[in-house]
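All remarks here apply to the structure that follows.
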Amino acid sequence: MVNTTEKDSNYQDLDKMSVHELLTNINNEDKSVPLAVERSIPQIEALVKVTVEKMKAGGRTFYIGAGTSGRLGVLDASELPPTYGVPFEWIIGLIAGGDTAIRKAVEFAEDDLEQAWKDMEAYDIDENDVVIGIAASGTTPYVIGGLKTANEKGLVTGCIVCNGGSPIAEIAQYPVEVIVGPEFVTGSTRMKSGTAQKLVLNMFSTAVMIQLGRVKGNKMVDMQLSNHKLVGRGVRIIMDQTGATEEEAAVLLEQFGNVRQAIEAYQGTH
Numbered sequence: 269m270v271n272t273t274e275k276d277s278n279y280q281d282l283d284k285m286s287v288h289e290l291l292t293n294i295n296n297e298d299k300s301v302p303l304a305v306e307r308s309i310p311q312i313e314a315l316v317k318v319t320v321e322k323m324k325a326g327g328r329t330f331y332i333g334a335g336t337s338g339r340l341g342v343l344d345a346s347e348l349p350p351t352y353g354v355p356f357e358w359i360i361g362l363i364a365g366g367d368t369a370i371r372k373a374v375e376f377a378e379d380d381l382e383q384a385w386k387d388m389e390a391y392d393i394d395e396n397d398v399v400i401g402i403a404a405s406g407t408t409p410y411v412i413g414g415l416k417t418a419n420e421k422g423l424v425t426g427c428i429v430c431n432g433g434s435p436i437a438e439i440a441q442y443p444v445e446v447i448v449g450p451e452f453v454t455g456s457t458r459m460k461s462g463t464a465q466k467l468v469l470n471m472f473s474t475a476v477m478i479q480l481g482r483v484k485g486n487k488m489v490d491m492q493l494s495n496h497k498l499v500g501r502g503v504r505i506i507m508d509q510t511g512a513t514e515e516e517a518a519v520l521l522e523q524f525g526n527v528r529q530a531i532e533a534y535q536g537t538h
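For the sequence shown, our numbering gives the first residue as 269, with consecutive numbering after it.
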């Protein structure tokens, strides 16, 4: 394994830098992350395609991770139902230590090889489901154990890691390896590695949702109308897609409570 996430920072004497120097140098390091993600697009594409295939067959996607990686998985999973109007159980984020660990670190939770599968079993996991391990180091025991058992049970497995040739990438059937190099603060993988994982998760879940038909044109026609801003956006989408007036669009949206259904109803009568 090439453990670049733990290599010494490219910068020395951080504690002697001015605020401007700190921000500029962090930004310079961050600029390399999208290029690292770009090199991994073929791997991301393979993972998206197999996930779409499984979810069309009734499967779900589980993210498993610890620390920053686990929190990013929970974040991505939690944002999909309001954005695309999908059930919360379609994509599920699990973090070592449970929901408590989202806000406060749970000591040694990530070292349990058995717990990830136990966490997934609570959801009646089956062979149509996909399990994606998220771990910057590529060595987290919680993720290793979960992926190993998932493989044994015949599930599709993937991962998002930031070291080359890691144990997790070797276990996952569809590994995504985004090699971002040393962190600005040595070993602080909440920085470039976390940014890389967030970018990949954005790409992965957005592509999956679009492939599953949750976008019309470039619009979120299935979003949940949970505040005034989103209701206003829904009205504008209906106007854009149908040519209806603002008043007509507002009436349709109130009647159907869903942008897609409102558009289809208007188009069916004009």
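Backbone N, C-alpha and C define an ideal beta-carbon position, used for all residues, glycine too.
Rounded straight-line distance, which links the Cα of residue j to that of residue i
i    : j    : result
D379 : A334 : 9 Å
S277 : Y410 : 27 Å
Q523 : Q479 : 28 Å
K372 : N296 : 30 Å
P450 : V468 : 19 Å
D281 : F452 : 11 Å
K299 : S308 : 16 Å
L423 : K416 : 10 Å
S456 : T463 : 12 Å
K275 : T454 : 7 Å
T273 : G525 : 47 Å
A314 : C430 : 18 Å
V374 : G366 : 9 Å
A475 : P350 : 16 Å
V270 : A345 : 30 Å
D387 : Y352 : 25 Å
V503 : G536 : 18 Å
G341 : D508 : 33 Å
G481 : S494 : 21 Å
N470 : R501 : 21 Å
T368 : F376 : 13 Å
L291 : Q529 : 47 Å
M285 : L303 : 27 Å
M459 : A364 : 20 Å
T510 : G485 : 13 Å
P310 : E514 : 43 Å
K497 : D283 : 43 Å
E289 : I312 : 34 Å
Cβ distance (whole Å) where residue i is taken to contact residue j below 8 Å
i    : j    : result
V489 : V527 : 4 Å
G414 : V399 : 6 Å
F472 : V316 : 6 Å
I428 : V444 : 5 Å
K421 : E395 : 7 Å
L348 : M491 : The Cβ separation is near 10 Å, so there is no contact.
V446 : V287 : With a Cβ gap of about 29 Å, V446 and V287 do not count as contacting.
T329 : T319 : 6 Å
L512 : L520 : Note on identity: in this sequence residue 512 is Ala, with Leu being the wrong assignment. Yes, they are in contact, since the Cβ atoms of A512 and L520 sit about 7 Å apart, within 8 Å.
A403 : I436 : 5 Å
Residue nearest to residue i in terms of C-alpha spacing, selected from the options
i    : options                : result
A325 : W358, S405, V374, H538 : W358
G338 : D283, S461, M491, A475 : S461
G361 : T292, M477, Y391       : Y391
G425 : I439, E516, E347       : Correcting the residue identity first, residue 425 is Thr in this sequence and not Gly. Taking only the C-alpha atoms, the option nearest T425 is I439.
L343 : G366, K466, I436, A403 : K466
I506 : Y534, N495, H496       : Y534
A384 : G433, Y331, G406, Y352 : Y331
D397 : K386, S405, A418, Y352 : A418
T407 : I370, I393, L381, K386 : L381
G401 : Q441, G366, I393       : Q441
V542 : S405, Q509, D508, A518 : The structure shown does not extend to residue 542, since the chain is modelled only from 269 through 538, so no value can be given for it.
S434 : S405, I393, V301       : S405
E516 : H538, P310, G485       : H538
I393 : M459, A364, K322       : K322
I531 : K487, H496, E289       : K487
N293 : P302, R458, V301, Y279 : Y279
Continuous beta strand (DSSP E) stretch holding residue i: start and end
i    : result
F356 : Run containing F356: none; DSSP gives neither H nor E here.
Element boundaries [alpha helix (DSSP H), containing residue i]
i    : result
N334 : The displayed chain sequence assigns Ala, not Asn, to residue 334. Here A334 belongs to no alpha helix (DSSP H), and DSSP marks it neither H nor E.
T510 : 496–510
I370 : 368–371
H288 : 287–298
A518 : 514–524
Y534 : 527–536
R482 : First-last for R482: undefined, no H or E at that position.
M488 : No alpha helix (DSSP H) holds M488; DSSP gives it neither H nor E.
D276 : Where D276 is concerned, there is no enclosing alpha helix (DSSP H), given that its DSSP letter is neither H nor E.
L315 : 309–324
Residue i: CB within 7 Å of a non-hydrogen atom of the ligand GDP
i    : result
V398 : The ligand GDP is absent from the structure shown, which contains no ligand whatsoever.
- Every unbroken beta strand (DSSP E) within the stretch 398–477, with a cutoff of 3 residues, ordered by chain: For the stretch 398–477, whole beta strand (DSSP E) runs of length 3 or above, ordered along the chain, are 398–403, 424–429, 442–445.
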